[in-house]
Amino acid sequence: MEFVSGYRDEFLDFAALLFGWFHKFVAERGAVGASLEGRWRQLEAQIRRLPQDPALWVLHVLPNHSVGISLGQGSEPGPGPGLGATRLLGEEPPLHLRDLSPYVSFVSLEEGEEGEEEEEEEEEKENGEEGAGTEKKVEPEEDGELAHTSRESPQESNPPGEPEETEQEAGGGEDGCQEDRAEEETGPEKRKERRSEAAPLHLSCLLLVTDEHGTILGIDLLMDGVQESTGRGSGTENLVPRAYALLCHSMACPMGSGDPRKPRQLTVGDAQLHRELESLVPRLGVKLAKTPMRTWGPRPGFTFASLRARTCHVCHRHSFEVKLTPCPQCNAVLYCGEACLRADWRRCPDDVSHRFWCPRLAAFMERAGELATLPFTYTAEVTSETFNKEAFLASRGLTRGYWTQISMLIPGPGTPRHPQGSTPFLSLLLNGDPYQLLQGYGPALMPPVPLEPPRCLFGSWQDYYSWRGLSLDSPMAVLLTYPLTVYYVITHLVPQSFPELNIQNKQSLKIHVVEAGKEFDLVMVFWELLVLLPHVALELQFVGDGLPPESDQQHFTLQRDGPEVSVRPGSGVSARLSCGTKEKGGRRDLQIKVSARPYHLLQGPKPDLVIGFNSGFGLKDTWLSSLPRLQSLRVPAFFTESSEYGCVMDDQTMAVATGGGTSPPRPNPFRSPFRLRAADNCMPWYCNAFIFHLVYKPPQGSGVRTAPGPGAPAPTPAAPPAPARRRRGEKKPGRGTRRRK
Numbered sequence: 056m057e058f059v060s061g062y063r064d065e066f067l068d069f070a071a072l073l074f075g076w077f078h079k080f081v082a083e084r085g086a087v088g089a090s091l092e093g094r095w096r097q098l099e100a101q102i103r104r105l106p107q108d109p110a111l112w113v114l115h116v117l118p119n120h121s122v123g124i125s126l127g128q129g130s131e132p133g134p135g136p137g138l139g140a141t142r143l144l145g146e147e148p149p150l151h152l153r154d155l156s157p158y159v160s161f162v163s164l165e166e167g168e169e170g171e172e173e174e175e176e177e178e179e180k181e182n183g184e185e186g187a188g189t190e191k192k193v194e195p196e197e198d199g200e201l202a203h204t205s206r207e208s209p210q211e212s213n214p215p216g217e218p219e220e221t222e223q224e225a226g227g228g229e230d231g232c233q234e235d236r237a238e239e240e241t242g243p244e245k246r247k248e249r250r251s252e253a254a255p256l257h258l259s260c261l262l263l264v265t266d267e268h269g270t271i272l273g274i275d276l277l278m279d280g281v282q283e284s285t286g287r288g289s290g291t292e293n294l295v296p297r298a299y300a301l302l303c304h305s306m307a308c309p310m311g312s313g314d315p316r317k318p319r320q321l322t323v324g325d326a327q328l329h330r331e332l333e334s335l336v337p338r339l340g341v342k343l344a345k346t347p348m349r350t351w352g353p354r355p356g357f358t359f360a361s362l363r364a365r366t367c368h369v370c371h372r373h374s375f376e377v378k379l380t381p382c383p384q385c386n387a388v389l390y391c392g393e394a395c396l397r398a399d400w401r402r403c404p405d406d407v408s409h410r411f412w413c414p415r416l417a418a419f420m421e422r423a424g425e426l427a428t429l430p431f432t433y434t435a436e437v438t439s440e441t442f443n444k445e446a447f448l449a450s451r452g453l454t455r456g457y458w459t460q461i462s463m464l465i466p467g468p469g470t471p472r473h474p475q476g477s478t479p480f481l482s483l484l485l486n487g488d489p490y491q492l493l494q495g496y497g498p499a500l501m502p503p504v505p506l507e508p509p510r511c512l513f514g515s516w517q518d519y520y521s522w523r524g525l526s527l528d529s530p531m532a533v534l535l536t537y538p539l540t541v542y543y544v545i546t547h548l549v550p551q552s553f554p555e556l557n558i559q560n561k562q563s564l565k566i567h568v569v570e571a572g573k574e575f576d577l578v579m580v581f582w583e584l585l586v587l588l589p590h591v592a593l594e595l596q597f598v599g600d601g602l603p604p605e606s607d608q609q610h611f612t613l614q615r616d617g618p619e620v621s622v623r624p625g626s627g628v629s630a631r632l633s634c635g636t637k638e639k640g641g642r643r644d645l646q647i648k649v650s651a652r653p654y655h656l657l658q659g660p661k662p663d664l665v666i667g668f669n670s671g672f673g674l675k676d677t678w679l680s681s682l683p684r685l686q687s688l689r690v691p692a693f694f695t696e697s698s699e700y701g702c703v704m705d706d707q708t709m710a711v712a713t714g715g716g717t718s719p720p721r722p723n724p725f726r727s728p729f730r731l732r733a734a735d736n737c738m739p740w741y742c743n744a745f746i747f748h749l750v751y752k753p754p755q756g757s758g759v760r761t762a763p764g765p766g767a768p769a770p771t772p773a774a775p776p777a778p779a780r781r782r783r784g785e786k787k788p789g790r791g792t793r794r795r796k
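Numbering-wise, this note's numbering comes out as the position in the sequence shown, counting from 1, plus 55.
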C-alpha cells in the first residue's frame with residue numbers, strides 16, 4: 056500500500072522526525088570545514104534578522120545514566136542516527152514498534168554495571184596481584200576515554216566539529232566503543248569477547264529545545280560507546296558549543312511547525328550551562344532568562360505536541376528541509392517539487408502511478424466534510440488538519456489508563472498496562488481495577504447504566520449519547536468506537552445484507568475479531584455491549600498473531616451481576632467494577648477468548664459473525680491465507696478502514712486472494728472523532744471511518760451469479776432451459792381449465 060497513515064504507530068513517525076532532523080543537523084554542523092568562524096558569524100547575523108516568537112523557549116538538559124541502546128543484526132550505525140531515516144521512512148517502513156526489535160532495543164545499564172563489578176571482584180580474587188595491576192590499567196583507560204570524548208565535543212565557542220567526528224557521534228560511537236574494548240587486555244579472552252558483544256551504546260545526555268507549549272524545535276544526542284564516559288562533571292564545558300549549535304540550528308530550521316524564528320526569551324534547564332551561555336545567547340538577539348529553569352516545564356500542562364512535520368511522498372524529506380505542496384489536481388498527496396511529482400506520476404505499472412490514483416484521491420478528499428460532521432462540542436478541534444491530540448488529552452487529564460493506548464504517552468512504572476508488558480493479560484485484569492482502565496483514572500466519565508434497555512436501535516453518536524446520559528463534551532467516543540461498531544453491525548448491517556440469518560432474534564452470538572490489535576488493548580470497553588444488548592449472550596474471540604503470546608488460549612467472562620460487572624476467569628476468581636444500577640432482567644455474559652495465531656490456523660466451531668478493525672489487507676501477508684479461510688467458512692465478515700483508499704486496496708487484495716470482492720464502503724456513524732495525522736498526504740483518516748463486508752466468490756457449479764454493479768448493463772438472457780424429463784411415478788402437471796383436444 057502506498058499510504059500507511061492510518062495503520063502505523065504514531066511513535067514511529069515521531070521517531071523518524073527526530074532522527075531526520077538530527078541527521079540534517081549533524082551533516083550541516085560537520086560540513087563547515089575551514090570556514091568555521093565565518094560560517095557561524097554569518098549564521099548569527101541571519102538569526103538576528105529573524106522574526107521574534109512570543110513564546111518562551113526552553114533548552115532541556117537530560118542526562119541519562121540507566122538506559123542503553125543495543126543494536127541487533129542488520130543495524131548499521133554509520134553516519135546519522137543508529138536506525139537511519141531509511142529504515143523508518145523507506146519503501147517498506149515498519150508499522151509497529153515491535154517491528155524494530157530485531158534492530159534496536161533498550162537495555163538497563165545499571166544491571167550491566169552491577170554484573171561487571173561482580174566479574175571484576177571475582178577476577179581479583181582469582182588473579183590476586185595480577186588483578187590489582189589490571190585495576191591500575193583501567194584508570195588511565197578511563198582518562199583516555201574521557202579525552203577521546205572531549206575530542207568529539209569541540210572546546211571552542213564555535214560549535215561545529217569535523218565531519219569524521221560528527222559521524223562517530225551520530226553513529227552512536229561504535230568505533231570508539233570498539234577501540235576502548237580493544238584496549239581492555241585484562242582478564243580472560245572469553246570474558247572480553249562476551250563483554251564486547253553485550254556492551255550497549257550509551258546516550259549520555261539529551262539536549263532538547265522546545266517552546267513553552269511543548270513543540271519540539273531541535274534535538275542533539277550525546278552518544279558514548281560505554282557507560283563509564285557518562286560523567287556530567289567532565290562534560291559541562293563540552294556541552295556549551297553543542298548547546299549553542301543546537302540553539303542556532305533550531306532557530307534557523309525549527310523541527311516543529313512554523314517558519315524560522317528566534318524566541319523572545321530563552322531559559323535553560325541546567326544552572327552551569329545557563330551561566331556559560333550568558334555571553335553567547337545575546338549574540339543572537341535573544342534575551343536569556345535571569346535564572347535557570349528549576350523544573351521540567353514552565354507550565355503545569357506542558358506536553359509534547361503531536362503536530363509533526365510532514366514529508367514528501369516520494370523522497371521522504373521533511374518540511375523543515377524542503378517546501379512541500381500538494382498535488383494541484385487532487386490536493387491529496389504532498390511533494391517537495393516538480394521532480395518528485397513527475398516521478399510519482401509516471402510510475403510503473405500504471406495502477407500504482409499517481410496518474411491512475413489522482414482522480415480517485417480527489418473523490419476521497421471530497422468526503423472530508425462528511426466525515427467531520429459529528430455532534431460533539433469539540434468536533435472542530437479534533438477534525439482539524441492541525442489537531443494536537445496530545446495537548447487535547449493532557450488538557451482534560453486523560454493521561455492514564457486506557458487513554459495511554461490512544462496517545463504516545465508511556466505508562467510510568469507500576470501502572471498496569473496491556474498487552475506488551477511481561478504481566479499476563481488475565482492476571483493484569485484481576486490484580487488491577489478494570490473500571491479504572493476504562494475510566495482513565497480520572498473522574499467518572501461513564502454515567503450509571505440506564506434502568507431500561509434501549510427501546511430503539513441507535514444509528515448515531517447523538518442518539519447513543521442521549522440515551523446513555525453522556526454529555527456531548529465527553530471524549531468517550533474515542534474508546535467506544537469499537538463496541539459501538541460491533542453493535543451497529545449486529546443491529547443494522549447484518550439484517551440489511553444477510554436477512555436470512557435472522558440475527559436479531561438469536562439469544563447468543565459467537566463473534567471472531569480477526570487480526571486484533573489496538574481493540575484488544577482496549578478489551579474492557581466491550582463490556583458496553585452488555586448494556587446495549589442485555590438479552591444476548593455474546594462470545595468475542597480475539598484472533599491474530601500480533602496478540603501477546605502469554606495471552607494465548609486465555610478465557611474469561613464479563614458478567615452483569617445486579618449493580619456490578621465482574622471479570623471472571625475459569626478458576627472462579629473475580630474482579631469487580633461498579634455500574635451504578637441494578638438490572639431487571641436475567642444475567643447475561645460476555646465471553647472473551649484469545650488466540651494468538653493467524654486466523655487461518657484457528658480451529659474451532661464456526662462463528663456467527665466475523666469483524667475486523669482497520670484491517671489493511673494489503674499490509675500483512677497472512678491476509679492472503681486468512682481471506683480464503685473466510686471464503687471457505689462463508690460467514691458474514693465485516694471490516695472497517697480508516698480511509699476510502701484502504702477500502703479500495705482491501706477490495707483488490709480480496710480479489711487476488713479469493714476471486715471475490717467487497718461491498719461498497721459506507722461511512723461508519725460510530726467512527727472515532729479524532730482525525731489521524733498523515734505524514735505524506737492530506738486525506739481524511741479516522742479510526743473505523745468506513746465499513747464494508749466481504750462478497751464471496753460463488754461456489755463452483757452453484758450457478759449463482761454476483762449482482763452487477765451500479766449502472767452495469769443487464770445481462771443478455773440465456774436460451775430457455777429444456778424441460779426436465781418426467782420421472783416414472785410422477786404425476787403430469789395439471790392442465791387447469793384447459794379442454795382436452
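Glycine included, each C-beta is placed from N, C-alpha and C at the ideal position.
Proximal residues to LEU664 (C-beta, below 6 Å), its chain only, five neighbours per side dropped: Excluding sequence neighbours, LEU664 sits near ILE566, PRO691.
- request: Check whether the Cβ atoms of PHE745 and PRO720 sit closer than 8 Å, and answer yes or no.
  value: Yes, the pair counts as a contact, with Cβ atoms nearer than the cut-off.
field: Residues of its chain near ASP64, where Cβ-Cβ distance is below 6 Å and the 5 sequence neighbours each way are ignored
entry: HIS151, LEU152.
message: Could you give the first and the last residue of the continuous beta strand (DSSP E) run that contains GLN646?
response: Counted as a single uninterrupted DSSP element, the beta strand (DSSP E) harbouring GLN646 occupies residues 644-650.
query: Mind pulling the alpha helix (DSSP H) runs of 4 or more residues that sit fully within the segment 512-567?
result: Along the segment 512-567, the alpha helix (DSSP H) occurs as fully enclosed runs of 4 or more residues at 516-523, 532-543, 549-552, listed in sequence order.
message: Using a Cβ-Cβ cutoff of less than 6 Å, which residues in the same chain neighbour VAL59 once the five nearest sequence positions on both sides are dropped?
response: Taking VAL59 as the centre and dropping the five residues before and after it, the same chain places no C-beta closer than 6 Å to its C-beta.
message: Could you pull the DSSP bridge partners for MET278 from this structure?
response: Under DSSP, MET278 takes part in a beta bridge, and its partners are LEU258.
message: Quick check on GLN320: does DSSP put it in helix, strand or coil?
response: Looking at GLN320 - three-state DSSP - the assignment turns out to be strand.
task: Return the CA-CA distance between LEU613 and SER563, expressed in angstroms with no decimal places.
output: One C-alpha to the other measures close to 15 Å.
message: So the candidates are ALA427, SER462, PRO106, ALA110; which of them puts its Cα closest to the Cα of LEU448?
response: For the options ALA427, SER462, PRO106, ALA110, the alpha carbon positioned closest to that of LEU448 is the one of SER462.
message: Is the separation between the beta-carbon of ALA532 and that of PRO728 shorter than 8 Å?
response: Yes; because the gap between Cβ atoms is below 8 Å, this pair is in contact.
message: Just verifying my parser: in three-state terms, what is the DSSP assignment at PHE431?
response: Of the three classes helix, strand and coil, the one that applies to PHE431 here is coil, per DSSP.
- prompt: Can you tell which of LEU548, HIS257, TYR519 has its C-alpha closest to the C-alpha of VAL586?
  reply: Closest option to VAL586, judged by alpha-carbon separation, among LEU548, HIS257, TYR519: TYR519.
- request: Take the Cβ of GLY514 as the centre, count every other Cβ of all protein chains shown within 10 Å, and call the residue buried at 16 or more, exposed below.
  value: Sixteen is the threshold: since fewer than 16 other Cβ atoms of the shown chains lie within 10 Å of the Cβ of GLY514, the residue is exposed.
- prompt: Which parts of the segment 63-121 are runs of the alpha helix (DSSP H), unbroken and 4 residues or longer, counting only runs that do not cross its ends?
  reply: Correct list: 65-84, 91-103.
query: If you compare alpha carbons, which of LEU577, LEU527, HIS371 is closest to THR459?
result: For the residues LEU577, LEU527, HIS371, the minimum Cα distance to THR459 belongs to LEU577.
- request: Alpha carbon to alpha carbon, how far is LEU256 from ALA427? Give it in angstroms, no decimals.
  value: Their backbone Cα atoms lie some 46 Å apart in a straight line.
task: With DSSP collapsed to three states, give me the class of ASP266.
output: Collapsing the DSSP output to three states places ASP266 in a strand.
task: Report yes or no: do the segment 257-274 and the segment 304-312 share at least 3 C-beta pairs separated by less than 8 Å?
output: The segment 257-274 makes contact with the segment 304-312, as at least three CB pairs between them are under 8 Å.
query: When the Cα of ILE124 is compared with those of LEU556, LEU155, CYS413, which residue comes out closest?
result: Taking only the C-alpha atoms, the option nearest ILE124 is LEU155.
- prompt: Opposite GLY667 in the DSSP bridges: which residues?
  reply: The partner list for GLY667 (beta bridge, DSSP) reads PHE694.
message: Could you give the first and the last residue of the continuous beta strand (DSSP E) run that contains LEU593?
response: DSSP places LEU593 in the uninterrupted beta strand (DSSP E) bounded by 592-598.
task: Can you tell me which of the three DSSP states PRO502 falls into?
output: Reduced to three states, the DSSP call for PRO502 is coil.
- prompt: Taking the alpha carbon of GLY340 as the point to measure from, which residue in GLY673, LEU749, ILE102, PHE69 has its own alpha carbon closest?
  reply: For GLY340, the nearest C-alpha among the options comes from ILE102.
task: Leaving out five residues on either side along the sequence, give the residues of the same chain with a beta carbon under 7 Å from the beta carbon of PRO550.
output: Here the set comprises ILE558, GLN559.
query: Got a sec? Which residues, its chain only, sit under 6 Å from THR761 by beta carbon, not counting five neighbours each side?
result: Residue placement at THR761 cannot be trusted, given a pLDDT of 47 that sits under 50; what the coordinates show is reported in the next sentence. Contacts found: none.
task: Ignore the nearest five residues each way along the sequence and tell me which others in PRO318's own chain have a CB closer than 8 Å to its CB.
output: Here the set comprises GLN107, ASP108, ALA110, LEU111, TRP112, ASP266, MET306, VAL341.
Close beta carbons around ALA710, own chain, < 6 Å, minus the five adjacent residues each side: Within the same chain, ALA710 has close Cβ partners GLY716.
- prompt: Quick one: Cα of ALA417 to Cα of ASN119, how far?
  reply: So the two alpha carbons sit approximately 48 Å from each other.
- request: Sort ASN669, PRO683, PRO604, SER681 by Cα distance to ASP650 and report the nearest one.
  value: First, the residue type needs correcting, since residue 650 is Ser and not Asp in the sequence shown. Answer by Cα proximity: PRO604.
- prompt: If you drop the 5 nearest sequence neighbours on each side, which residues of the same chain put their C-beta closer than 7 Å to that of HIS547?
  reply: Cβ within range, chain order: LEU512, GLY514.
Where ASN723 falls: helix, strand or coil (DSSP): ASN723 falls in the coil class under three-state DSSP.
query: LEU41 to ASP644, Cα distance in whole Å?
result: Because residue 41 is not part of the residues shown, which for the chain are 56 to 796, the question remains open.
- request: May I have the straight-line CA-CA distance separating ASN443 from PRO337, to the nearest angstrom?
  value: Cα to Cα, ASN443 sits roughly 33 Å from PRO337.
query: Buried or exposed: where does GLY329 fall if 16 or more other Cβ atoms within 10 Å of its Cβ makes it buried?
result: It should be noted that the sequence gives His, not Gly, for residue 329. It counts as buried.
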